[in-house]
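Numbering (this note's numbering), first residue to last: 2 to 290.
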Ligand code: SF4
Ligand code: SF4
């Protein structure tokens, strides 16, 4: 059985991406949940998984010099194009990109690349199924690799548990971590808001999603804040073959549910029902319907 990956993304943070992902969880039976927003993960706060396993993740390496072996030929200094090696020679880990040139060039094997821990991957069990999430070490820039690791672990878990779906809370923005979130996914849900920046961000995400994915759908959150902008977003989505499946109104009860760590679709079923919830679930299970 081929596992389907459903990814929820947005052009920027704060559009309701995680609220929507959490809302889907109880309704998408047979899924492993993955939080790929590794820079600011918070889906686990709503789903409260029981921890099963933790693994450190190494997404980069730094060079170190063995001073006992160094003959001070200065070759490494001349060849490091990041200026990471001073005259001592000593390597500045903040500047070292781990490219390995110095290790290759050193005639006496005095340089080695050491793996650096850049994040932690957490595996656990929620009340709705297994979950994989992660946290990037602050300041590290290798989030794309960590996102891939979370996806791989979630897929492995889906295979071993015989699950049909992996539901992914993707990374915000359009950077490499978003590409890592959606490459090869069967369905992408773009969550946006009816503002000019929401429209602009959605266009950029649509461009990225069109290159990498299967079916693309749009959800407009707080659609009633600007009916005019909602119309423009619907038109843009339609022109890009990405139907709008749901329009969720602005309602403080949804904010309240999240504040109380409740799943919004369970706490406020009527709001979701009126917004097109059934249609969305139907299309997720059968994108061609
Ligand atoms: S690994 Fe690359 S960046 Fe780091 S010190 Fe060596 S040459 Fe410079
Ligand atoms: S290339 Fe090797 S031997 Fe030469 S200065 Fe660098 S560490 Fe020392």
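Just so it is clear, CB atoms sit at the ideal spot from N, CA and C, and this is done for glycine as well.
- Relative to ligand 1, residue 97 has its C-beta within less than 6 Å of a heavy atom.
- When the Cα atoms are used, residue 71 and residue 108 turn out to be separated by approximately 9 Å.
- The criterion of a C-beta distance shorter than 7 Å is satisfied by residue 10 and residue 171.
- Beta-bridge annotation (DSSP): residue 167 is paired with 6 and 33.
- Taking C-beta atoms under 8 Å as the contact rule, residue 134 and residue 29 fail to qualify, at a distance of about 17 Å.
- Here the alpha carbon of residue 22 sits roughly 16 Å from the alpha carbon of residue 223.
- Apart from sequence neighbours up to five positions away, the residues of its chain that approach residue 269 with a beta-carbon distance below 8 Å are 252, 254, 255 and 258, ordered along the chain.
- For residue 114, there is no enclosing alpha helix (DSSP H); the residue is part of the beta strand (DSSP E) that begins and ends at 112 to 127.
- Taking C-beta atoms as the reference points, residue 250 and residue 225 count as a pair closer than 7 Å.
- Judged by DSSP in its simplified three-state form, residue 95 adopts coil rather than helix or strand.
- When only Cα atoms are considered, residue 136 and residue 122 end up about 7 Å apart.
- Closest in C-alpha terms to residue 282, from the list 247, 85, 58 and 68, comes 247.
- About 7 Å separates the beta carbons of residue 203 and residue 237, which is inside the 8 Å limit, making them a contact pair.
- Excluding the 5 residues flanking it on each side, residue 180 has same chain C-beta neighbours closer than 8 Å at 145, 209 and 213, in chain order.
- When distances are taken from the beta-carbon of residue 107 to the heavy atoms of ligand 2, the shortest one is below 6 Å.
- Of 102, 56, 75 and 163, the smallest CA-CA separation from residue 119 is found for 56.
- For residue 69, the closest of 110, 153, 24 and 18 by C-alpha to C-alpha distance is 110.
- By the C-beta density criterion, residue 50 is buried, having at least 16 other C-beta atoms within 10 angstroms.
- Residue 200 and residue 193 have their alpha carbons spaced roughly 7 Å apart.
- Restricting attention to 138, 131 and 94, the CA atom closest to the CA of residue 154 is found in 131.
- In the structure shown, residue 211 adopts helical secondary structure according to DSSP, grouped into three states.
- Closest in C-alpha terms to residue 230, from the list 217, 195 and 100, comes 195.
- Secondary structure at residue 280: helix, using DSSP grouped into helix, strand and coil.
- Going by DSSP, residue 222 is part of the beta strand (DSSP E) stretching over 216 to 222.
- The closest CA to that of residue 147, considering only 32, 36 and 286, is found on 36.
- Excluding residues up to 5 positions away in sequence, 96 and 98 lie with their Cβ nearer than 6 Å to the Cβ of residue 83 in the same chain.
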